[in-house]
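Participant: Letter by letter, the sequence shown follows residues -22 to -1, 1 to 110 of mature numbering (1 follows the signal peptide of the UniProt record, and there is no 0).
Don't be surprised by glycine CBs; every beta carbon is placed ideally from N, CA and C.
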Amino acid sequence: MSSRARLAVCGLAVAAALSACASAPLPEQQISLSKDAVNRAVSAEATQYAPLEMKAAQDKMFQMERALGEKNYPQAKLLAEQIEADANLAERKSRAVKWQKQLADARNGIQVLKQEMLQDPVTGFNPPASAQ
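(1) Taking all protein chains shown into account, decide if Cys(-2) is buried (16 or more other Cβ within 10 angstroms of its Cβ) or exposed.
(2) Determine contact between the region 47 to 61 and the region 83 to 98, defined as no fewer than three beta-carbon pairs at a distance below 8 Å.
(3) Go to Glu6, then tell me how far its alpha helix (DSSP H) extends in each direction, as first and last residue.
(4) So Ala35 packs on Ala74, CB below 8 Å; how close in whole Å?
(5) Spatial neighbours of Asn60 within its chain, please: C-beta separation below 7 Å, excluding the five flanking residues on both sides.
(6) Apart from the five residues just before and just after Leu30, which ones in its own chain have a Cβ nearer than 8 Å to its Cβ?
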C-alpha cells in the first residue's frame, strides 16, 4: 500500500471517529422530563379538561419514539422539549378548568344558602336590598 493510500485510509478513519464523537447523545434526561410531564398531566385529568393539548403531547411522543428508533437524537430531544411544554400546558389548563368549576359550585352553594336564609322566617335575617 502506498503512502498516499495509507494517508487516505487514515484520514477516513479519523473522519469516521470524529463523526462518531460528534453525534448527539441520547437525550435521556429530557425524555424523562417529558414523560414525567405527561404523567402529571394525565393525573390532573388533562385528557378530559385539555384534550387538544394532550393530543398534541401524545402525537409528539409517538414522533419522538420514532426519532429514537431512527437514532435521530437531536430531533428526539426537540420533540421531548415540546412534549414537556405541551403536557405542562395541558396540566395547568386542566387544573384551571377544575378550579373554575369548583368556584362556580361554591358560588351556587352560596346562592342556595342565601335563598334558604331569606325564605326562613325563623332566622330573623333581614338583608339590605343590595345583598339580594
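Facilitator: To lay it out plainly:
(1) Low confidence applies to Cys(-2): its pLDDT is 43, below 50, so where it sits in the model is not reliable enough to give any reading.
(2) The answer is no - the region 83 to 98 does not touch the region 47 to 61, with fewer than three Cβ pairs under 8 Å.
(3) Glu6 to Ser21
(4) Wrong, their Cβ atoms sit about 17 Å apart, outside the cutoff.
(5) The displayed chain sequence assigns Gln, not Asn, to residue 60. Cβ within range, chain order: Lys38.
(6) none
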